[in-house]
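Residue numbers (this note's numbering): 27 to 313.
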């Protein structure tokens, strides 16, 4: 008999609202929250933090906030005026230092992640996943998450000229030694990345500015003692039953719409200010 469990959002909309529900294996218990006032992470608005455990605490599932990995740099060649080059490089270094400072203590990181999607996934596992597991944790298997890959393919716009976008989604099996013996884990890892195509030739006489941003979605995994594979399957079934509350999703949609409108107004104000500046400049040189 499954036990119903709900994650209540106490921060987002004034009054508490059920945000996420799932059916837990009999006897399993859970705690969870929706984090809105958070440091930088994978989602600009909110993150889920969920912990579910079997009665003895050895098996369970987790949903942990995602991550961002950002990188920016500027390069110059011999065609760039030396003074402009010096200024551009100094500004680039200042931006990198600012990002490193702002990201400290958060789930955002400064770093460059190149390679094929498979290579980037391996790097993410090595840098963000395995160090968060017991010493000696290792990958024992990996298979594409076909459902998530199809969603990415259908939902992500093709990159514009001069830019790139890519993604990956994998189901990763891990093994490590726990306090009471060997443990197994199944992890759902998915990410998107976009940025300036490094193969785009720079404009002669201008510094070349590059950036890339990788967004690692909510990290979700189930775990169990190696001799209790049924618990791993039970945790997977609980995750498969998870669904967002429709009323909560509607409130979230309203917030996203307001943010989109605010961004449009901000961009319009910037464009209007630039037009006024350019007009004043033209009037000055035509006098």
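Glycine residues also receive a C-beta, built at the ideal position from the N, C-alpha and C atoms.
As the structure is a prediction and not an experimental result, all values here were calculated from the model.
Item	Value
Closest residue to residue 282 among 38, 126, 29 and 33 (Cα-Cα distance)	38
Per DSSP, the bridge partner or partners of residue 178	Looking at the DSSP assignment, residue 178 forms no beta bridge with any residue, so it has no partner.
Under the three-state DSSP convention, the category residue 156 falls into	helix
Per DSSP, cross-strand counterpart(s) of residue 203	208
Environment of residue 105 [buried if 16+ CB atoms lie within 10 Å]	exposed
Whole-angstrom distance between residue 163 and residue 143, CA atom to CA atom	22 Å
Buried or exposed by the 16-neighbour rule on C-beta atoms within 10 Å, applied to residue 186	exposed
Residues that DSSP places opposite residue 97 in a beta bridge	238
Euclidean distance between Cα positions of residue 223 and residue 278	33 Å
Exposure label - residue 196; buried when at least 16 CB within 10 Å	buried
Among 101, 32, 203 and 49, nearest to residue 42 - alpha-carbon criterion	32
Backbone secondary structure at residue 274 - three-state DSSP	helix
Buried versus exposed, by CB contacts within 10 Å (16 or more), residue 215	buried
Cβ-Cβ distance between residue 160 and residue 204 below 8 Å	yes
Rounded separation between residue 276 and residue 45 - CA only	11 Å
Separation of residue 249 from residue 213, as counted between CA atoms	9 Å
Boundaries of the beta strand (DSSP E) in which residue 90 is found, first to last residue	86-90
Under the three-state DSSP convention, the category residue 1 falls into	The structure shown does not extend to residue 1, since the chain is modelled only from 27 through 313, so no value can be given for it.
Outcome for residue 30 when other beta-carbon atoms lying within 10 angstroms are tallied against a minimum of 16	exposed
Reference residue 227; option with closest CA among 80, 68, 57 and 103	103
Euclidean distance between Cα positions of residue 84 and residue 251	7 Å
Closest residue to residue 131 among 234, 67 and 247 (Cα-Cα distance)	67
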